Amino acid sequence: MQPIISINNLSKTYSNGYEALKNINLEIVEGEILALLGPNGAGKTTLISIICGIVAASQGSITVSGFDTVSDYRQTRRLIGLVPQELTLGAFEKVSNTLRFSRGLFGKKPDNTYLETLLKDLSLWDKKDSMLMRLSGGMKRRVLIAKALSHEPSVLFLDEPTAGVDVKLRKDMWTLIERLRESGVTIILTTHYIEEAEAIADRVGVISNGELLLVENKEVLMHELGAKRLIIELNSAIQKIPASLKTWELDLAGNGRQLVYTYDPHNKPTGIRDLLNAANEAGLQLDDIRTTQSSLEDIFINLVHAQP
Amino acid sequence: MNFRAIKVIYKYEMLRAWETLLQSFISPVISTSLYFVVFGSAIGSRIQQVEGVPYGAFIVPGLMMLVLLTQSVSNASFGIFFPKFTGTIYEIMSAPLSFFEILLGYVGAAATKSLIIGLIILVTAGFFVPLQIAHPVWMTMFLVLTCISFSLLGFIIGLWADNFEKLQLIPMLVITPMVFLGGSFYSVDMLPPVWQTVTLFNPVVYLISGFRWSFFEVSDVSVGLSLAMVLVFLGICLLIVWWMFKTGYRLKQ
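Chains as they are written, first to last, in the working numbering: chain F, 83 to 390; chain R, 523 to 775.
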């Protein structure tokens, strides 16, 4: 499938010498939700700012729907909507007026029917005549999304859309993002919440220190990189792991009542059967056995910490 | 050209002025009236005529320039500085807009506001002193060129300033003294010879002189030179703005 956004050898060095992005190559497929995951200062915002035209790249190129973001900026920007991280809104304007302003900036004719649908979709219709300064934080966030969608873009960038919002609003935001994707919008969101990427993304890109460490389908990523853990619940606590179980490099947890065996499910045999036999022979009384899959968080931490 | 975008920026800026009617339009009228009371009546009653023009009328062009210059600079600088300060500039920067279109929206609105204020002051002055405009076309030309040039200067200041102090610095420490010392309330001929020479280095002198000529046909320097100086100033401002946009100065990192 033809990518809607193609980033080639992109680098950014700020005037103070700080290298924010290092040779980024990335293709974003139409209709997907891509989560760019990374700690603060990783380069996520710089990356989307360059795509949107707010920051100039030092090197490399980007195309959106085949158009270059520098030489064909009018075409590319018309296709893109951006929701910034900060609640950057005026204070004294009305909600409906600020949306009309945003739509006009993108050269679109006023369309009151679309405006009404958009405001209703974002549960803002009853606030259309309210001044921006009178809105709550959650509503302001929704107004920013409405502004970004006011010109009917094909690609929506959400920069940390749920930073500092409560759990309910975060869940509402996820539902909204899913709905937008269903309407055909390609969504790229930056986040440092692993659970967010895990909950809504199709693909996950991990950025750290300006480098794109990997981009992978979420399920594939968890399957390929995700180790599994076998947790053996013991009937009674033990002080130390029996020497006969040394081969499995177990961890003692749960105040001496759990033995944890970390293994790669793709390596056969996994060693589970031998471990259980050995535990039995060592005289350990087993109460329960369960397995857990590594979360995206574990994968993320491993990747970021593995960086030199 | 993205005409719709230019229109929405222009409308937004004009609306902002309309919503702050008191500050935007009424306060210049009040301060101008005060100038007429102080300079026109109190002091003017002791100065009969300057170059054959009653003092009250003589100060009208200078007073208009004083307000036009300060208003153009403050309107345009604040117009672009405020979105930078609040962060809403991201929307302008990520829209399909050329820098020239951004300029047309902001500077166009600032210049229009100044023009309206200038005309209001002219009408207000008519209530205090009998006015004559010898060359209305030249007057309009000087008025429009001044509004555009100093709105451009304001736009440059707004782009350059990264805090409120810098935003006020040039208007307060450079422009206001230049206008006061540029012959707003006196003729350059009234100064001692040394200061007459020094004052010719002040570009505002040429502006006020040319503008005053369009009213009363009296001037400190020739009208051709005045017009040339305004055009040179306009050209310099355009060059600076062009460079700022080309390099993304203070807008694009």
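Glycine residues also receive a C-beta, built at the ideal position from the N, C-alpha and C atoms.
What you are looking at is a predicted structure, and each value in this text was computed from that prediction instead of being measured.
- For Y343/F, the enclosing beta strand (DSSP E) covers residues 340-345.
- Fewer than three beta-carbon pairs drawn from the region 111-118 of chain F and the region 93-102 of chain F are found closer than 8 Å, and the two stretches are therefore not classed as touching.
- Using a Cβ-Cβ cut-off of 7 Å, N524/R is close to G189 of chain F, given in chain order.
- Against chain F, the CB of G732/R has no partner CB under 8 Å away; the residue lies outside that interface.
- Taking a contact to require three or more Cβ pairs closer than 8 Å, the region 357-376 of chain F and the region 307-319 of chain F qualify as touching.
- Within a 10 Å sphere around the beta-carbon of S599/R sit 16 or more other beta-carbons, which makes this residue buried.
- According to the DSSP assignment, I133/F belongs to the alpha helix (DSSP H) that extends over 126-134.
- By the Cβ rule, the region 689-699 of chain R does not count as touching the region 614-625 of chain R, because fewer than three pairs are nearer than 8 Å.
- Sequence-distant partners of K190/F (beyond 5 residues in either direction) whose C-beta falls short of 7 Å from its own C-beta, in its chain, are H233.
- Residues are counted here when their Cβ sits less than 9 Å from a Cβ of chain F; for the region 529-540 of chain R these are K529, V530, I531, K533, Y534, L537, R538, given in chain order.
- Cβ proximity to chain F below 8 Å picks out nothing from the region 638-662 of chain R.
- If you ignore the 5 residues before and after P725/R, its C-beta comes within less than 7 Å of the C-beta of M751, F755, all in its own chain and listed in chain order.
- The Cβ atoms of V629/R and S673/R sit closer than 8 Å to each other.
- Here P166/F is buried. Its C-beta has 16 or more other C-beta atoms within 10 Å.
- DSSP, read as helix, strand or coil, puts T668/R in helix.
- In the three-state DSSP reduction, Q690/R falls in the helix class (H, G or I).
- Counting other Cβ atoms within 10 Å of its Cβ, L544/R stays below 16 and is therefore classed as exposed.
- Cα atoms of S236/F and T769/R: separation of roughly 29 Å, rounded to the nearest angstrom.
- Leaving aside the five residues that flank I133/F on each side, the residues in its chain whose CB is nearer than 6 Å to its CB run, in chain order, I144.
- In the assembly as shown, R160/F is a buried residue. Its beta-carbon has 16 or more other beta-carbons within 10 Å.
- Our two residues, A360/F and Y345/F, have alpha carbons roughly 16 Å apart in a direct line.
- Residue contact with chain F for G770/R: present (Cβ-Cβ distance below 8 Å to some residue of chain F).
- Close partners of R224/F in chain R (Cβ separation under 8 Å) are lacking, with about 16 Å as the shortest Cβ gap.
- Counting C-beta pairs closer than 8 Å gives three or more between the region 722-736 of chain R and the region 704-713 of chain R, which meets the contact rule.
- Excluding residues up to 5 positions away in sequence, P243, T244 lie with their Cβ nearer than 6 Å to the Cβ of M255/F in the same chain.
- Within the region 129-159 of chain F, those residues whose Cβ lies closer than 9 Å to any Cβ of chain R are, in chain order, S131, C134, G135, I136, V137, A138, Y155, R156, Q157, T158, R159.
- Excluding the 5 residues flanking it on each side, R772/R has same chain C-beta neighbours closer than 8 Å at K606, L681, W682, D684, M766, in chain order.
- Taking all protein chains in view, the Cβ of T719/R is surrounded by fewer than 16 other Cβ atoms within 10 Å, so the residue is classified as exposed.
- In this model, G120/F and I269/F are separated by some 17 Å (Cα to Cα).
- Within the same chain, Cβ atoms closer than 6 Å to the Cβ of I569/R are found at Y577, the five residues on either side in sequence being excluded.
- Under DSSP, E298/F takes part in a beta bridge, and its partners are V286/F.
- With 16 or more other CB atoms across the displayed protein chains lying within 10 angstroms of its CB, S748/R is buried.
- When 8 Å is used as the limit between beta carbons, P166/F is near these residues of chain R: G609, Y612, in chain order.
- Of G627/R, V645/R, D711/R, the smallest CA-CA separation from I552/R is found for V645/R.
- Annotated as distal: V225/F and T257/F, with beta-carbon spacing of 8 Å or more.
- For P583/R, the uninterrupted alpha helix (DSSP H) segment begins and ends at 577-608.
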